[in-house]
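K.L.:
The structure is given below, and queries will be raised subsequently.
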Ligand SMILES: [Mg+2]
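Numbering (our numbering), first residue to last: 191 to 627.
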C-alpha cells in the first residue's frame, strides 16, 4: 500500500476563479451572478464564476457561443483587465510571502510555499486556514490551499480542496492515514496530474493507467524509458518524494503564463544591471513562448530586495504592461519590460531578485492584425526564428539581444481592444473606486 512520506510540506495556494474574483472585489453586484471574463479582443472565455460553470459554459469557449445566456440567464461579461489582475496578484503574493521564507510564484494566481520543518502535520491545516483567511481579509479573494510532500502532490491536494467543500478549502495529505490517501488517489483521473497533457493522458490510458493511484504505483524507471525523465519525476513525486526543487525557474508544458526569474548571486543596485537581468529573462521566456507557437498580450516585471537581510530597506514591486498587439518578439517584449522596470525601480536599494511573467498567452495563429501598429510581423517572426535556430544549433545565448542600452520609445500609447473592461481600481488614481454615502 502506498503511504506518503511526510518529511516535507509544500503548500500550493491558488486563487479560485481568479479574474472573476478580482472583478467581484470592486463590483460586489457581480457576486452570485453568472460572470465570464473574455480574452483579448473579447474573443474567448478565460475565467468563469461558479454560476457560469453551472450553466455548462466551458473554459475557452468563443464568447459568441455563450451570448444567448445573457438573455436567458442574465450572464454578465467583462473584457479582461490584466492591469487589475496583475496588481491584485502582486498584492496576494506579497501577503503570502509572509508565511514562509521560501516562496515560488508559479502563475498569476498560484504560488508554492515551503512549510517543511515549520510545524507538526496536524498544525498544517490550521496554518493553511490562516493563510486562506488572511488573503480573504486583506484582499477579498477566495483561495484554496493544498499541502503535500512534493509539488505534484501539493497541486493535487489543491484540486481536492477545490472540488470537495467538506475540506473548507484546505487539504493536506499528511493528515490522512495511508488507506485514505490511497482512496483519494484512486478517485482522481490521471489527467488531473500536473504536467499530464491530453496526449500523454491518452498513452497512459492505453497502458491501463487511469487514476492517479495507478500512476503513483508505476515504476519510475520504466516510465522514463517509455516517456521521458519528466514523467519519471512525476511518478516519483506522486510517491511522495520531492524531486522538483523550490526552484526559481519552472518548466512545464501548456502554461497560461511563462515565468522566468532568478535570485542574483550578488545583490544589485544599478538599474542597468537589473535591465540586463530582465532582458535575459525575457529572452528565455520568449523563446519558450515561440517554441509553443504562441504570443502574449502582457508583460509583467517584478523586483525585490533580500527578505532575509532584515537590516536593509525592504522593497518589492511588480508592474504589468499591456502590449498594443500580442507578440512573441523578444525585442518588443524587452522594450515593454524596461518601460515597466523603470517605473518600479527605486535607486539606493539592494535588489536580490527580479523576474518577468508573460501572460494572456494565445496561439500565434489567432493573432489579429492591428491597423494602427506598423509592425512588420512577418519580418519580426523571421528574425526571431533565425535567432532560435542559431541558438538551437550553437547553444543557448549564442545570439541574443543587446538589451542593455535599448532606449524606450513609443510604448506609452497602449491601445486596449477591450470594450467592456472594469477600471484599474488599484493602480490608477483617476480610476480608484468611489464610495457614495
Ligand atoms: Mg486559480
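Beta carbons: idealized from backbone N, C-alpha and C, even for Gly.
1. If contact is defined by three or more beta carbon pairs under 8 Å, each pair taking one atom from either stretch, is the segment 511-524 in contact with the segment 485-502?
2. Apart from the five residues on each side of it in sequence, which residues of its chain come closer than 8 Å, Cβ to Cβ, to residue 454?
3. Let me make sure I understand the geometry here. Which of 552, 519 and 506 has the alpha-carbon closest to that of residue 539?
4. Does residue 197 come out as helix, strand or coil in the three-state DSSP assignment?
5. In angstroms with no decimal places, state the Cα-to-Cα distance between residue 439 and residue 420.
6. Cβ of residue 205 versus every heavy atom of ligand 1: is any distance shorter than 6 Å?
7. Use the C-beta contact count for residue 599: other C-beta atoms within 10 angstroms, 16 or more gives buried, fewer gives exposed.
8. Using a Cβ-Cβ cutoff of less than 6 Å, which residues in the same chain neighbour residue 441 once the five nearest sequence positions on both sides are dropped?
9. Select from 511, 625, 577 and 522 the residue whose C-alpha is nearest the C-alpha of residue 617.
10. Does ligand 1 have even one heavy atom less than 6 Å from the beta-carbon of residue 361?
11. Is the beta carbon of residue 336 less than 7 Å from the beta carbon of residue 302?
12. State yes or no: is the C-beta of residue 425 within less than 7 Å of the C-beta of residue 413?
13. Is residue 550 a contact residue of ligand 1, with contact defined as CB to any heavy atom under 6 Å?
14. Would the beta-carbon of residue 660 be found less than 6 Å away from any heavy atom of ligand 1?
15. With which residues is residue 492 paired in a DSSP beta bridge?
16. Between the C-alpha atoms of residue 619 and residue 280, what's the straight-line distance to the nearest angstrom?
17. Consult DSSP for residue 535 and reduce its assignment to one of helix, strand or coil.
18. Quick check on this structure: which residue in 257, 304 and 217 has the alpha carbon closest to the alpha carbon of residue 274?
19. Let me confirm a value: residue 203 is counted as buried when at least 16 other C-beta atoms fall within 10 Å, else exposed. Which label applies?
20. Secondary structure at residue 602, three-state DSSP: helix, strand or coil?
21. Output the boundary residues of the beta strand (DSSP E) element that contains residue 333.
22. DSSP beta-bridge partners for residue 620?
23. Figure out for me which residue from 382, 229, 278 and 465 has the closest Cα to the Cα of residue 325.
24. Between the segment 253-272 and the segment 312-320, can you find at least three pairs of beta-carbon atoms closer than 8 Å?
25. What's the C-alpha gap between residue 198 and residue 571?
26. For residue 259, is the beta carbon positioned less than 6 Å from some heavy atom of ligand 1?
27. Where residue 220 and residue 214 are concerned, what is the direct C-alpha to C-alpha distance, given to the nearest angstrom?
28. Whose C-beta lies closer than 6 Å to the C-beta of residue 527 among residues of the same chain, with five residues either side of it excluded?
29. What does the alpha-carbon distance come out to for the pair residue 503 and residue 356?
30. Using the beta-carbon count (16 or more within 10 Å), is residue 320 buried or exposed?
31. Are the CB atoms of residue 243 and residue 226 nearer to each other than 7 Å?
32. Tell me the rounded alpha-carbon separation between residue 367 and residue 293.
33. Compute the beta-carbon to beta-carbon distance between residue 402 and residue 346, rounded to the nearest angstrom, for a pair I have assumed lies under 8 Å.
34. Kindly examine ligand 1 and report whether one of its heavy atoms sits closer than 6 Å to the Cβ of residue 208.
35. May I have the straight-line CA-CA distance separating residue 222 from residue 241, to the nearest angstrom?
P.N.:
Reading it off the structure:
1. yes
2. 467, 541, 542, 543 and 544
3. 506
4. coil
5. At residue 439, the pLDDT of 42 sits below 50, so the modelled position is not reliable; the number obtained from the coordinates is stated separately. Each residue's alpha carbon lies about 15 Å from the other.
6. yes
7. Below a pLDDT of 50, predicted positions are generally treated as unreliable, and residue 599, at 33, falls in that range; no measurement from the model is reported.
8. With a pLDDT of 46 at residue 441, under the threshold of 50, the modelled position of that residue is not reliable, and the figure given next carries that caveat. Counting only Cβ-Cβ distances below 6 Å, and skipping sequence neighbours, we find nothing.
9. 511
10. no
11. no
12. yes
13. no
14. The structure shown does not extend to residue 660, since the chain is modelled only from 191 through 627, so no value can be given for it.
15. 508 and 545
16. 18 Å
17. coil
18. 217
19. buried
20. Confidence at residue 602 is low in this model, with a pLDDT of 26, below 50, so the placement of that residue should be treated as unreliable; the coordinate-derived value is given next. Note: residue 602 maps to coil in three-state DSSP.
21. 333-338
22. DSSP output for residue 620 lists no bridge partner at all.
23. 278
24. no
25. 45 Å
26. no
27. 6 Å
28. 468, 472, 489, 491 and 546
29. 43 Å
30. exposed
31. no
32. 28 Å
33. 7 Å
34. yes
35. 7 Å
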